[in-house]
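Have a look at the structure below before the remarks.
There are 4 protein chains.
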Amino acid sequence: MRTSKEYREKILSMRPNVYMNGKLVGRDHPDFEPGIRTLALTYDLVDDPEYADLLTATSHLSGEKINRFTHMHQSTDDLLKKQEMTRKLCLVCGRCIQRCMGIDAMNGLSLVTKDIDNAKGTNYHERFLKYLRFFQDNDLVGNAAQSDVKGDRNLRPHQQADPDLYLHIVERREDGIVVRGAKAHNSIAAYADELIVIPTRALTKEEGDWAVAFAIQADAPGIKLISLPHNHRKRKHLKAPIEDYGTMHALTVFDNVFVPWDRVFMNGETEFAGQLASQFATYHRHSYTGCKPALSDIFLGATALMAEYNGIGKASHVRDKLAELITVGELVYGAGIAASVKGFKSASGTFAPDVVFTNVGRYHAGVNIYHEFETLADIAGGLAATLPYEEDFYSPDTKDDLEKYIMRKSDVCAENQHRAYRLVENLIASSTGAATGISGIHGGGSPVMEKIAIMSKYDIQARKNVVKYLAGIKD
Amino acid sequence: MRTSKEYREKILSMRPNVYMNGKLVGRDHPDFEPGIRTLALTYDLVDDPEYADLLTATSHLSGEKINRFTHMHQSTDDLLKKQEMTRKLCLVCGRCIQRCMGIDAMNGLSLVTKDIDNAKGTNYHERFLKYLRFFQDNDLVGNAAQSDVKGDRNLRPHQQADPDLYLHIVERREDGIVVRGAKAHNSIAAYADELIVIPTRALTKEEGDWAVAFAIQADAPGIKLISLPHNHRKRKHLKAPIEDYGTMHALTVFDNVFVPWDRVFMNGETEFAGQLASQFATYHRHSYTGCKPALSDIFLGATALMAEYNGIGKASHVRDKLAELITVGELVYGAGIAASVKGFKSASGTFAPDVVFTNVGRYHAGVNIYHEFETLADIAGGLAATLPYEEDFYSPDTKDDLEKYIMRKSDVCAENQHRAYRLVENLIASSTGAATGISGIHGGGSPVMEKIAIMSKYDIQARKNVVKYLAGIKD
Amino acid sequence: MRTSKEYREKILSMRPNVYMNGKLVGRDHPDFEPGIRTLALTYDLVDDPEYADLLTATSHLSGEKINRFTHMHQSTDDLLKKQEMTRKLCLVCGRCIQRCMGIDAMNGLSLVTKDIDNAKGTNYHERFLKYLRFFQDNDLVGNAAQSDVKGDRNLRPHQQADPDLYLHIVERREDGIVVRGAKAHNSIAAYADELIVIPTRALTKEEGDWAVAFAIQADAPGIKLISLPHNHRKRKHLKAPIEDYGTMHALTVFDNVFVPWDRVFMNGETEFAGQLASQFATYHRHSYTGCKPALSDIFLGATALMAEYNGIGKASHVRDKLAELITVGELVYGAGIAASVKGFKSASGTFAPDVVFTNVGRYHAGVNIYHEFETLADIAGGLAATLPYEEDFYSPDTKDDLEKYIMRKSDVCAENQHRAYRLVENLIASSTGAATGISGIHGGGSPVMEKIAIMSKYDIQARKNVVKYLAGIKD
Amino acid sequence: MRTSKEYREKILSMRPNVYMNGKLVGRDHPDFEPGIRTLALTYDLVDDPEYADLLTATSHLSGEKINRFTHMHQSTDDLLKKQEMTRKLCLVCGRCIQRCMGIDAMNGLSLVTKDIDNAKGTNYHERFLKYLRFFQDNDLVGNAAQSDVKGDRNLRPHQQADPDLYLHIVERREDGIVVRGAKAHNSIAAYADELIVIPTRALTKEEGDWAVAFAIQADAPGIKLISLPHNHRKRKHLKAPIEDYGTMHALTVFDNVFVPWDRVFMNGETEFAGQLASQFATYHRHSYTGCKPALSDIFLGATALMAEYNGIGKASHVRDKLAELITVGELVYGAGIAASVKGFKSASGTFAPDVVFTNVGRYHAGVNIYHEFETLADIAGGLAATLPYEEDFYSPDTKDDLEKYIMRKSDVCAENQHRAYRLVENLIASSTGAATGISGIHGGGSPVMEKIAIMSKYDIQARKNVVKYLAGIKD
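Chains as they are written, first to last, in the UniProt record's numbering: chain A, 1 to 475; chain B, 1 to 475; chain C, 1 to 475; chain D, 1 to 475.
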């Protein structure tokens, strides 16, 4: 397995193709550090006794010990461990651990390439396994590039004014394909080794050029990453883990990018585009049943801490709100466990979570995220929004005043009161915190997408039949 | 195992001690039939291939095949099967299957009697096992009598104006104890073999007389069952399973009832009263993670059927509401699965579900039940409330009019439209349906009780510590 | 103005055309009494100093003092008084006062007949005023018959398999029209003087026969009222106002009913059908901003009383829930006040409430009704559903037990505890209570209808323009 | 009336006592400009025909035309105009208009000083009127300084470890008083003429030193304003009103500040501290019934615009969500109208809104604000959170890519799509937007405070009496 040092060196050695704030920047730009540091955790903790069992697995290909973030799930137990690993790692960085997306896409490809082969006599799965072996051996970080920019939502891919609004094949050559388009909301793309590209939706027959899946190095020719960092404002005095970790999103532009055949995993099989899109979504939403409870843990802990510092830790309405935060997180986590238990072994041997339980879990997380913000804002009070600049707490002109007037419970020192409010500001009153709310809705698919997934799988007719039986209706 | 015929004969042979509508009635009174018929299902279906594996188990005492409703859970798998059995049986009778409560109380006793013995050197567990063997061998139906009438909720048991407002021991004799008081909301007590009596709450040292648990025949001397049936109005023409099954609740009065020692499982151990109360509650709330999803199935099916009959089955807002009903039921069911997976083996060997997952599941069911009523009422329309009497559909004066004007989709015959609305009336516009809503909140403990259970077990401090770490607070 | 005695005598003198439970019954059938008694309040209280100013008005036609339930609103003040009168009268009968519907339909006709005349040169308004004079002079009770049975909701009136599924004109004669069809959910029709019939929806050009409005005696030839009473179970011992009042709904069948021209107020003007339907709806929803707060008052009072009797009146969570009940009722009432203040004078001189405020008020009531049930059920506890029969409290066998075990706060006597629970049973655990929930959603138009009304009137473009201005978008 | 130029000159002439980011800054620091520009609107629009009638009033003192932001309300009509003015001005600056707080405090003082005088024979009201005349004649901007920093919320003011945690009188001199303490969340304090200081809560007898109210110049000796700007990130290319306006909050430190007697309006009258606190709160919450609907207008417009640009403007679920946004805003606005209509004339002649309607309105706004964020986030999609920097849209390296891939509906140009998303980013994905959510809960008092206000005024006993009457309970 790779060390975090090796991961970092590799990233720094890549061709500069990241654009930020109007400039081409190197991957050594300081805005990358919080993201790289987050990923580094997934390497550094493999030997930590608290995480080792969760963070490693045995490759079903090589039989070797590998990082679980490169593993194809083989069983319920693998899914339970992935879910638990996700929750625990998110608590270390105080946010999304980010590396899940790549392996969720890989598991989706594992399953669907086999199904395509079975149906069409192609050999995508063999190609995929070869690539997987490379991915595992090198312990790579993959970005999942799924969301097309989508243009007019009322039109299908092939109906758009500009065909590039969904990424598509523009040329099929002897040695591979050439693609054009863009993928949006690509977290970690700027510090990933590889981009795993898959379709964003079901496609119709005339959309063969859009039915494409492949893997490509993140700095391959023609790839441009227009990036936006989501890090907390650097602190000068109050250093803390919450500011150490962060993320960066990219709009990834594919400007006639060449992909060799051994990295192409779908090429025109439109009837499988929807399955691949939704299989990735299922794996990724299952990851959310791990990470969203971690976010609930943090909101719960912060709410409880602020209540304690404010002297209202035992108030009835506070305990009521804490209990509601718990139910949100644990219903989501419980749904993920149920999805693992009720999962299924696919033709490829890869194990997949149950679609309905996965989606009700992710759905519940999505429709409650803003309520979690609201609860913390409610208990923390207005100071979350009006906390003076950090510097004011250290300037001789204002330091004494601020240390005097930030005091709440008298046995908690001013610095800790300040630290607690600075964290709350990070969580709910910063642009990064605000973005967490939005990704809490949309990441991995918004609530409306989960409803669609649920409705497509749930046996409503069976329930109608029960009711007809109870009513004595025979027909 | 007993047959339903044997169960029925036994019930009919009992001493008349049921009072209803101002009279002492025999158990052959027609209002008992819907309840007895519901219980009969639990006997009749043991050989049905669809239910056999769920409805039977192997006794850990005798090694013999027994009805799962008399089984002590030994593993995650037992809990998963109990949960699934509950959901499936509720779909046969269209309501609560009722027999869960007795076995939930028995499992609670199994676990807690052992813990008492371990702590105090008593021998309750041995007594209990002997009783259990009798219970299993005779395939008995037990009512769980837990809720005291409780008097002034602001006062503790020993502070009440009348000490009998919580059931308590009034005499300890050489051969047993004598108890007095009453237990409320005792579903099935009127057609159960046995009453399993346990405390309703945690007790303080001065409340030794209230710390009592025992089993007693439902027609033992001194027991009076003041009963209220909850059955649907008998139909003359539109016979249907929804009206075949029903329930009956009792206020069970214990007027100086004698209980021999071999049926006494707690006698003054106040420090275990709370544990027994909550251990039963945990088992029973876990049963709710099976039965409430069944009720959601029925509401979902009824809503979908009414939408179809009204011609709006494909409307966007209808599909949206169906998806929300699904998420309610499956989040609850998923929490029950997670509780089974994350359960624990107690000192007694009996397996218990995880407290937090069980309670978040039951909680979510409780806070959504009225929303399920609302959704069905919304889609079914006002006719649920204004449907003319059944007789009007068969009187020559009005039959033609009603068959003409009840028509919706023209390919569904008038009788089926009528049957569907009659069922909806049963579900949401009848006194029995209304009571289902109330028991959906309170049965097994209301949402406020689940919050208390969650808060008592959840490690909030661990979440605070995560947040302190992230904020850089060391203390 | 008429006395309640005169009203009652008139009703009893009508031709028997009410069918119930398979039989033709006279209006002296005891099931009518609770409804008739409710209407009688609107006559009896006109001289009561507490109600006189609200319950009477000055006719703009005759200049005479009339019952406000026959008045055409002339001003904001009239609307405010109508709203307040409605709330106060509902508190006397503990439910819907019922007489609002007729006058809401009359106000709608007043406004729209004038608009039709202005557009088409007809003389409906003159006819209407003549009829109104008759209506006021005789102080009549009108039922508003609007909701057609509607058949397949996916088809328009003229597309239905049976054209009668929406009431329509089958013949135009020299002396009047002949209509056929049925109107559903006709509360009070069985004890009203007159039926005021109006369209249920907007119509298209080919639906001229369905564009019809008229007034007719409730016992006119060809009219059949298939009725369902919604009264509380008669009590033998615990007499109380809650059981004195009730209602009755009818499916009103029009079997080739002749209507003379001077009672016809729309005859084929399809372009005004939607306006008339929605103008009635607006008036009626405005009435809901009076009656629904009254229901909230009752749920609030009952919740507060049960909390007090249970000894938890001061508990933090109880006070929290009471405050939420208050916000529901007063937001609805406040919206009704705003609708009155921001109303408009129509061409006819009749004053109408603002559509948006009226509809947001009614909407908020509709989406909260089941939450009000839930709150009362939550605080009252399970006894609401398992309260033994009244008779058991008076039988020598069980009286002492029940009086002993119903005790809560020791300073409230058993009978009052019993009375309080009997009321709660009526409100939330009876078929009549359950129907109140359903009519809380659908009466006057369900939430989805209010959203449609709001969207049809609200100036969304103006808000888009504000946002474009703020964003600097010029186009 | 003052011009905006005069206001600005006055502000710039003040003694520098504002600290920001560790430094003492002049009021000409660029971070002040968005706030000053917002206030300037209240001067500039007095002659605009669209605003003149709302923005001016006739002084009841001088009979002269004055800015309504200096007016004592005399009638329902004044309150209705204040509410409408607030909503309309907030739509010009796209946020809080800010000047309401000072006049809300002044109205509160007008009412309560008279009540104190009536009760205690003091002459505060005369002093106040003199000060008011000065305030009106000079058309001043007042900041309302109410919220103390409050220390341990579990302790009363006089119990705090540091008595200064609530502002209090430290010395009473012949010529005035000296005060010490701090007031938090003081929006506009840094660019206001005057600070209007009032108590934050009810006080007990031993807290006479904390019962203090006064007015003071914002740059008086001893006053230190530690400030935090909440402005949108300056744009280089996409200039737009949304970035022109902003606000600044201050922690206002009173370090032994002298206040002459003629500016002291409460001095130890502890029994009126709660009334003054809540009377200001009532006026200020009534202002929220104007400004929060404006924020709803903006969220509604932005949601509708994004839906249109994304091509889903007519989708059923979108229209459903727009309708819900409308109901939130108009229920709040309607409650404000009702509060104005049902207000009362106080002893001072100043007119005050009804407490219950005001508070249910503010409450409803507070509990829905995060839901409004959620709705916009839901419809706008993830790009709100991942929009690249503005500069990237203008750099030659990335401009073409971004203009190509931001395209949605093809008839909306790339710049407008960009402008729309930039605005949405400002609203929900920026630190300033996030702070708006928090102030949406807490500004003017959080939902828990409104519930307390409601419960203190609502006649629950009257509702209990109704229910007792209905139940037949006499006692």
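Yeah, the Cβ is synthetic: ideal placement off N, Cα and C, and Gly gets one too.
In this text the structure is predicted, and so the values were computed from the model without any measurement.
Test: residue i CB closer than 8 Å to a CB of chain C
i	result
residue 468 of chain D	yes
residue 373 of chain B	yes
Limits of the unbroken beta strand (DSSP E) element including residue i
i	result
residue 170 of chain A	168-172
residue 372 of chain A	Where residue 372 of chain A is concerned, there is no enclosing beta strand (DSSP E), although the alpha helix (DSSP H) it sits in stretches over 355-380.
residue 253 of chain B	247-260
residue 177 of chain A	176-183
residue 406 of chain D	First-last for residue 406 of chain D: undefined, no H or E at that position.
Own chain residues within Cβ distance below 7 Å of residue i, not counting five before or after
i	result
residue 412 of chain B	309
residue 3 of chain B	43
Per-residue contacts from residue i into chain B (C-beta, under 9 Å)
i	result
residue 168 of chain D	Neighbours of residue 168 of chain D on chain B: none; closest Cβ ~31 Å, over 9 Å.
Partners in chain A for residue i, counting only beta-carbon separations shorter than 9 Å
i	result
residue 327 of chain D	Within chain A, no residue comes near residue 327 of chain D; the closest Cβ sits about 18 Å away, beyond 9 Å.
residue 182 of chain D	401, 404 and 405
Close Cβ partners of residue i (< 6 Å) along its chain, the five nearest in sequence each way excluded
i	result
residue 74 of chain A	60 and 351
residue 290 of chain B	83, 86 and 87
Below-8 Å beta-carbon distance, residue i vs any chain A residue
i	result
residue 311 of chain D	yes
residue 110 of chain C	no
residue 369 of chain B	no
Closer than 7 Å: residue i CB and nearest the ligand MN heavy atom
i	result
residue 328 of chain D	Ligands are entirely absent from the displayed structure, and the ligand MN is therefore not among its contents.
Closer than 7 Å at the beta carbon, the chain B residues around residue i
i	result
residue 473 of chain A	416, 419 and 420
residue 391 of chain C	21 and 22
Neighbouring residues, chain D, relative to residue i (Cβ below 9 Å)
i	result
residue 26 of chain A	Ordered by position in chain D, no residue passes the 9 Å Cβ test against residue 26 of chain A, which lies about 14 Å from the chain.
Contact set between residue i and chain D, taken where Cβ atoms lie within less than 7 Å
i	result
residue 410 of chain A	152 and 161
residue 35 of chain A	In chain order: nothing, as chain D lies at least about 14 Å away.
CB contact below 8 Å: residue i versus chain D
i	result
residue 363 of chain A	no
Neighbour list for residue i in chain A, Cβ cutoff strictly below 8 Å
i	result
residue 226 of chain D	388, 392, 398, 401 and 402
Test: residue i CB closer than 8 Å to a CB of chain B
i	result
residue 455 of chain A	yes
Host alpha helix (DSSP H) of residue i (start-end)
i	result
residue 287 of chain B	273-309
residue 449 of chain D	447-457
Partners in chain C for residue i, counting only beta-carbon separations shorter than 9 Å
i	result
residue 317 of chain A	316, 317 and 320
Fill in: Stretch pair the stretch 144-164 of chain C + the stretch 313-332 of chain C: three plus CB contacts closer than 8 Å
The stretch 144-164 of chain C vs the stretch 313-332 of chain C: no contact.
Worksheet entry | contact_flag[the stretch 233-241 of chain B, the stretch 77-87 of chain B] where n(CB pairs < 8 Å) is 3 or more | At 8 Å Cβ cutoff, the stretches do not touch.
Worksheet entry | Any 3 or more C-beta pairs closer than 8 Å across the stretch 329-337 of chain B and the stretch 158-177 of chain C | These segments do not touch.
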